[in-house]
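Residues in the sequence shown are numbered consecutively from 458, following the numbering used here.
All C-beta atoms, glycine included, are put in the ideal place defined by N, C-alpha and C.
Heads up, the thing below is written out as structure tokens.
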Amino acid sequence: MTTSTLTTSAFFIRRLALAITFSLGLTAFVVSCSGGGLNLYGTDTDTQLGKQMDDQIRQNSAEYPIFRGNPAVKQYLQTMTDEIVRSEHVQYRGKFPYVVEVIQDDKTINAFCTPGGYIYVYTGLMKALDNEATLAGVMGHEIAHAERRHGTSRMTKAYGLQIITQIALGQSPSQLATLGANLFGGLALLKNSRLDEEDADVYSFKYLQSTRWYAGSIKFFFEKITAASGKAPSGAQGVIPNIATSVERLLSTHPLPQDRIDATNKRIEEAKLPPPSETNLRAQPYQQIKRMLP
Ligand SMILES: [Zn+2]
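See below:
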């Protein structure tokens, strides 16, 4: 691409940016490369999409049964989240809500986060882990997906020019709502690429460095699922019922555990982290939390 083509394209995008800002009533519109790649959407889009998805999740109790047990469980996760987002590396504290909800599903060892910071934790994840630090590592990872704006970056890649063109032509007055609904239907916003996953691991490590938890703890989660997948050949009923299904679901959103263990070990070495201990893993207090789960 020549310089003049680039300049023309940039001009085109700037003009269309004005059109999209006007059409969607967004208060901010930025072309940003600071998060997880090029992003044509403002952070308001992340928050709006997150809110829409949160509404849909709450209306879909068949797929996402909200945990109605001891409220201390949700409070515990919220306190953990609040501590993690106090990290100096968190940019959208106060802008994104960073609220947690617990999903009552012991068969799913996973957590996810919408754009704009609505976090969901499955009871299956909490039960599968051995200590608080590992849970904090997973929470840091999910927070990073929102902070690094992976969802709207992928939207930019997948739909950017198409949406912008449609809006410029006046074909899509409620484009954002439609887009949110379609993407949610296909779970496209939650399907992170391998690069997004690596990026989220990097930032989980950074966030945890200013907390009480062992910063490399996400590797224990990968070790756990590697062991679980090894123990459970397809179709087998292991110690944990339906573990093969859980692991399969988890791997579909969080691929390649061994590579990520290796990468985390490298980070631990580079940061010269002292070895983990009960003080920064907090296995004992975590058992009390697990006992609150039915
Ligand atoms: Zn992820």
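Asked, Found
"Using beta-carbon positions only, say whether arginine 606 and proline 554 come within less than 8 angstroms of one another.", "no"
"Relative to the C-alpha of leucine 582, which candidate in Gly574, Asn649, Ala568 has its C-alpha closest?", "Ala568"
"Could you check if serine 544 is buried or exposed, using at least 16 other CB atoms within 10 Å of its CB as the buried criterion?", "buried"
"Where does the unbroken beta strand (DSSP E) through valine 557 begin, and where does it stop?", "556–560"
"Between Lys663, Asp658, Gln666, which lies nearest to phenylalanine 678 when the distance is taken from Cα to Cα?", "Asp658"
"Exposed or buried, which one is glycine 494 when buried takes at least 16 other CB atoms within 10 Å?", "buried"
"Alpha carbon to alpha carbon, how far is tyrosine 671 from asparagine 737? Give it in angstroms, no decimals.", "5 angstroms"
"From the DSSP output, read off the bridge partner residues of alanine 568.", "Val578"
"With respect to 7 angstroms, is the separation between the Cβ of alanine 657 and the closest non-hydrogen atom of ligand 1 below this value?", "yes"
"Looking at the secondary structure, which residues open and close the alpha helix (DSSP H) in which asparagine 722 lies?", "714–727"
"In whole angstroms, what is the alpha-carbon distance linking serine 734 and arginine 611?", "38 angstroms"
"Measure the C-alpha to C-alpha separation of glycine 482 and threonine 591 and round it to an integer number of angstroms.", "With a pLDDT of only 35 at glycine 482, under the threshold of 50, the placement of this residue in the model should not be trusted, and no figure is reported."
"Return the chain-ordered list of same chain residues with a C-beta closer than 8 angstroms to the C-beta of glutamate 589, the five sequence neighbours on each side being excluded.", "Met537, Trp670, Leu738, Arg739, Ala740, Pro742, Tyr743, Ile746"
"Taking the C-alpha atoms as reference points, what is the distance between threonine 721 and lysine 676?", "6 angstroms"
"How big is the Cα-Cα spacing for alanine 684 and arginine 651?", "21 angstroms"
"Should isoleucine 523 go down as buried or exposed, given a rule of 16 or more other Cβ atoms within 10 Å for buried?", "exposed"
"Do histidine 602 and ligand 1 come close, with the Cβ less than 7 angstroms from some heavy atom?", "yes"
"Which one or two residues does DSSP pair with phenylalanine 553 in a beta bridge?", "Arg550"
"Flag asparagine 737 as yes when its Cβ comes closer than 7 angstroms to any non-hydrogen atom of ligand 1, and as no otherwise.", "no"
"Could you check how far apart the C-beta atoms of threonine 510 and tyrosine 575 are, in whole angstroms? I think they sit under 8 angstroms.", "The sequence given here has methionine at residue 510, not threonine. Correct: roughly 7 angstroms between the Cβ atoms."
"With burial defined as no fewer than 16 other Cβ atoms inside 10 Å of the residue's Cβ, what is the status of proline 528: buried or exposed?", "exposed"
"Using the Cβ count rule (16 or more neighbours within 10 Å means buried), how would you classify glycine 526?", "exposed"
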